[in-house]
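Heads up: the sequence shown begins at 114 in the working numbering, then just goes up one per residue.
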Amino acid sequence: KIGNALIGGFNGVTSPPLNLPWNTSSFLFPEHVFYVAMAALILSYVFCGWLVNTRFGRVCAAIRENELRSELLGYDSRLYKLGIFTIAAGIAAIGGVLFCNGVGRITPDVFNLYNAALTIIWVIVGGRGTLIGPIAATFGLFYLTSALGGQSVLNNNLVLGIILIFFVLLVPKGVAPTVTDWFTKRRKPAHNSRRRRRQGRST
């Protein structure tokens, strides 16, 4: 108990079920929350894709690359960082609500170091500065940890630690930016060769 709030100690707090907006007497069961979570993921992806192409998103990208230069150009980095932090916190809050309703209760174990590190690993593996990278890494690593849970030879934490070290040392950009750069480099020689052929025909 903290103050007047009953939080259930290590047993956590039971989550009240979500109800349908158009029918408040009908509730969503945990298996139905999955579809709501997928819809929220798609909407968040579309919203973030739109946001990064707005003036606000471009300024945030500039602050990420060089905060001092952005401030010299007249942008208040504190205001923009506060704005993007608020937006990220709102998206995370939606995810937390759906997670809590999907599980049925929230316990102190959710806030341990393992779950906090998972988010960082997803971003590092998928690639910073991309939207699809962390999503793909989340699904891939979740499937991997689920598969490893069925055996007793390898420890999940050990495997995730090895993956983290591998990407930090050898693939620092992450999967999505590395694959994009690879395809871009392969495209350039083909494009240059076609240009040389066209120039040869014109001469």
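Yeah, the Cβ is synthetic: ideal placement off N, Cα and C, and Gly gets one too.
Beta bridge pairing from DSSP links ILE219 with VAL126. With 16 or more other CB atoms across the displayed protein chains lying within 10 angstroms of its CB, PRO247 is buried. Straight across, the Cα-Cα distance linking PHE198 with SER259 is about 31 Å. By the neighbour-count criterion, in which 16 or more other beta carbons inside 10 Å mark a residue as buried, THR297 falls on the exposed side. Residue pairing of LEU133 in beta bridges, as defined by DSSP: ASN136. Taking the CA atoms as reference points, ASN166 sits about 18 Å from ILE204. Residue ILE200 holds the alpha-carbon nearest to the alpha-carbon of CYS173 among LEU282, ILE155, PRO285, ILE200. Sorting LEU133, GLY274, VAL266, PHE147 by C-alpha distance to the C-alpha of GLY208 places PHE147 at the top.
In this chain, the alpha helix (DSSP H) harbouring SER157 covers 143 to 165. With contacts defined as CB atoms closer than 8 Å, SER128 and ARG218 qualify as a contacting pair.
Look at ASP189 here: in three-state DSSP terms it is coil, with no helix or strand label. Counting the other CB atoms within 10 Å of its CB gives LEU254 a total of 16 or more, which places it among the buried residues.
Residue burial annotation: PHE160 is exposed, with fewer than 16 other C-beta atoms found within 10 angstroms of its C-beta.
Nearest Cα to GLY215 within the set ASN136, ASN124, GLU144, VAL126: GLU144. DSSP places ARG171 within a helical segment (H, G or I) once states are collapsed to three.
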